[in-house]
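Engineer:
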Amino acid sequence: MKNLQNLTFMIARAQADYARCIDDDRLEQWPDFFVEDCLYKITTADSQRDGLEAGIVFANTRAMLRDRISALREANIYEKQAYRHVLGMPCVLDENAGGVRSETAFFVVRIMRDGTSDLFATGRYLDHYEIQNETALLKERIVVCDSSRIDTLLAIPL
Amino acid sequence: MKNLQNLTFMIARAQADYARCIDDDRLEQWPDFFVEDCLYKITTADSQRDGLEAGIVFANTRAMLRDRISALREANIYEKQAYRHVLGMPCVLDENAGGVRSETAFFVVRIMRDGTSDLFATGRYLDHYEIQNETALLKERIVVCDSSRIDTLLAIPL
Amino acid sequence: MKNLQNLTFMIARAQADYARCIDDDRLEQWPDFFVEDCLYKITTADSQRDGLEAGIVFANTRAMLRDRISALREANIYEKQAYRHVLGMPCVLDENAGGVRSETAFFVVRIMRDGTSDLFATGRYLDHYEIQNETALLKERIVVCDSSRIDTLLAIPL
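Laid out in structure tokens, this is it:
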């Protein structure tokens, strides 16, 4: 129980920091939430249900995450919008020598430069964490969006 | 303080599991979050304020909750939509020999089959929990929706 | 770690109570979440970025917060709407003899008398807390709204 509470707290803290990093537009720091040999994927509930492996976004090293941010900065698309994440409490699903698996609900609101806001995405994070010095680092994050209508300009990480 | 923190955690965990059960469409497991002799009611802030006892949805045994899910599965209405809950931190209001009372804010987004999403309901859970083996089970959940414009097709539990 | 977990819990609890106070329309109790010599400001991300000191709303004593509520009650504007807050997990940023600084994401939905709801505001609380008897009291709350399109009738506190 105590251990579960500690793990949940560590994950909730890592996730709040992760969301804050993106919402503050400190995207260059975003890859630091992952271990070097990681998996990051954005997919939809339909694709996930149908067992489709390919995601809308896919990266399997931290270097690929960094490249993605560099590309975004060059394209400058991201400047037209900002995100605001609010997450639910993480559900710790499994813990073993290899790490901790959890699932967390999320809402993301997108704020455009002209001040209009919309509920951009809802879904859940399927995460696999490695705990290093009481900090939870992502080995794997699969972002499963509830809707299949995901903006094809999906630029900022979720 | 320690005790309050533990209780809050237990309730937050039970609530995150409850939300995940519904959002994953594992509705047959939903009654397991309640004790056998329970109360489940969906009402509106206006009705609650006016002291109206009748709710939009009402069940006072776990068997009635199970019947409700069976009816939903047969009617097949629920298949056209999915929910995503995000909850606030539970406020523990009272603890005594009979259990723990808490209040928790919620947002529910509804995702239709065609991919459109809308903020379906906001409100608060007025809960009464029984703690069994460090697990919080619902003796009572009154779902108070903020808006009186609640979809009359209200099908999936909130 | 233990200490960080305790602090986060104390702040999350204070924030859940704060949100519940407003959403329950118990506005007269709202100033009690602050110390006497406090700062409360509502501003926008753009103004914050540009270093503009003036906020949309500004108060630097608890008496000013009380005056604000009295004015609202007299004007009766607030009766036409209610809020529902859902907050993220607080990020504890700094702790020292002077108190604790944290940042927390928020979503606020506004429910009008006719039952329509809209996502009224998103943003973050930049807080400075004083801990008294395991209760976190606000010395400073800067509410940074993400959008610059903030309703000029902004009446109820955020």
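Residue numbers (this note's numbering), protein chains in the order written: chain P, 1 to 158; chain B, 1001 to 1158; chain E, 2001 to 2158.
We treat Cβ as the ideally placed atom computed from N, Cα and C, and that holds for glycine.
1. Around the Cβ of ALA19(P), are there at least 16 other Cβ atoms within 10 angstroms (buried) or fewer (exposed)?
2. With 8 Å as the C-beta to C-beta threshold (strictly closer), list the residues of the segment 2032 to 2045 of chain E near chain P in chain order.
3. From this set, THR43(P), ASP23(P) and ASN60(P), which residue's C-alpha is nearest GLN81(P)'s C-alpha?
4. What are the partner residues of MET2112(E), as DSSP defines its beta bridges?
5. Can you list the residues of chain P that ARG2149(E) reaches, using a CB-CB cut of under 9 Å?
6. With 16 other CB atoms within 10 Å as the buried threshold, where does GLN29(P) fall?
7. Within its chain, find whatever has a CB closer than 6 Å to the CB of MET2112(E); leave out the 5 residues flanking it on each side and keep chain order.
8. Between which two residues does the beta strand (DSSP E) harbouring LEU2072(E) extend?
9. Using a Cβ cut-off of 8 Å (strictly closer), state whether LEU1087(B) contacts chain P.
10. How would you list, in chain order, the residues of chain B whose beta-carbon sits under 8 Å from the beta-carbon of ASP2017(E)?
11. From what residue to what residue does the beta strand (DSSP E) around GLN1029(B) run?
12. Figure out for me which residue from VAL57(P), ARG62(P) and ASN96(P) has the closest Cα to the Cα of ILE142(P).
13. With 16 as the cutoff for other CB atoms within 10 Å, does ASP1127(B) come out buried or exposed?
14. Report yes or no: is there a C-beta of chain P within less than 8 Å of the C-beta of GLN2005(E)?
15. Closer than 7 Å by C-beta to ARG2066(E): which residues in its own chain qualify, once you throw out the five before and the five after it? Chain order, please.
16. Is ALA1012(B) close to chain P, meaning its C-beta is less than 8 Å from at least one C-beta of that chain?
17. DSSP three-state call for LEU1158(B): helix, strand or coil?
18. Give the C-beta separation of PHE33(P) and LEU138(P) to the nearest angstrom, bearing in mind that I take them to be a contact with Cβ-Cβ under 8 Å.
19. Between which two residues does the beta strand (DSSP E) harbouring SER967(B) extend?
20. For ALA155(P), which of ALA105(P), ASP25(P) and CYS91(P) has the nearest alpha-carbon?
21. Between the segment 97 to 112 of chain P and chain E, which residues of the former have a C-beta closer than 9 Å to a C-beta of the latter?
22. In chain B, which residues lie with their C-beta within 7 Å of the C-beta of ALA2082(E)?
23. Do you know whose CA, among GLU140(P), VAL144(P) and ASN96(P), lies nearest ASP50(P)'s CA?
24. Nearest chain P C-beta to THR2122(E) closer than 8 Å, yes or no?
25. Would you please state the rounded distance, in angstroms, between the beta carbons of GLN2005(E) and THR2104(E)? I believe it to be under 8 Å.
26. Quick check on ARG110(P): buried or exposed, where buried means 16 or more other Cβ atoms within 10 Å of its Cβ?
27. If the cut is a Cβ gap below 9 Å, which residues of chain B does ASP2023(E) touch?
28. Let me make sure I understand the geometry here. Which of THR1122(B), THR1116(B) and ALA1121(B) has the alpha-carbon closest to that of PHE120(P)?
29. Taking all protein chains shown into account, decide if ASP114(P) is buried (16 or more other Cβ within 10 angstroms of its Cβ) or exposed.
30. Go ahead and pull the three-state DSSP assignment for ASP37(P).
Structural biologist: Answer, in terms of the structure:
1. Buried, since its Cβ has 16 or more Cβ neighbours within 10 Å.
2. Residues ALA2045.
3. Closest by C-alpha distance to GLN81(P), out of THR43(P), ASP23(P) and ASN60(P), is ASP23(P).
4. Partner(s): GLN2081(E).
5. Those are ASP114, GLY115, THR116 and SER117, listed as they occur along chain P.
6. GLN29(P) sits exposed, since fewer than 16 C-beta atoms from the chains shown fall within 10 Å of its C-beta.
7. The beta carbon of MET2112(E) sits closer than 6 Å to those of GLN2081, all from its chain and outside the five residues before and after it, given in chain order.
8. From DSSP, LEU2072(E) is part of no beta strand (DSSP E) but of the alpha helix (DSSP H) over 2062 to 2075.
9. Yes - at least one Cβ of chain P is within 8 Å of the one on LEU1087(B).
10. The contacting residues are CYS1091.
11. According to the DSSP assignment, GLN1029(B) belongs to no beta strand (DSSP E), since it is labelled neither H nor E.
12. Answer by Cα proximity: VAL57(P).
13. Answer is buried; the Cβ neighbour count reaches 16.
14. With a threshold of 8 Å between beta carbons, GLN2005(E) makes contact with chain P.
15. Once the five neighbours on either side are set aside, the close Cβ partners of ARG2066(E) are PRO2031.
16. Interface flag for ALA1012(B) against chain P is set, since a Cβ pair is found closer than 8 Å.
17. Coil, per DSSP.
18. Indeed, because the Cβ distance is near 5 Å, the residues count as touching under 8 Å.
19. Any property of residue 967(B) remains undetermined from this structure, which presents chain B solely from 1001 to 1158.
20. Nearest C-alpha to ALA155(P): ASP25(P).
21. Legend: CB atoms of the segment 97 to 112 of chain P lying less than 9 Å from CB atoms of chain E belong to residues PHE107, VAL109, ILE111 and MET112.
22. The contacting residues are ASP1146.
23. Out of GLU140(P), VAL144(P) and ASN96(P), VAL144(P) has the C-alpha closest to the C-alpha of ASP50(P).
24. At least one chain P Cβ lies under 8 Å of THR2122(E).
25. That pair is no contact at about 16 Å.
26. Its Cβ being crowded by 16 or more others within 10 Å, ARG110(P) is buried.
27. The answer, in chain order, is ALA1105, ARG1124 and ASP1146.
28. Checked all of THR1122(B), THR1116(B) and ALA1121(B); the closest Cα to PHE120(P) is THR1116(B).
29. Exposed is the call here.
30. Note: ASP37(P) maps to strand in three-state DSSP.
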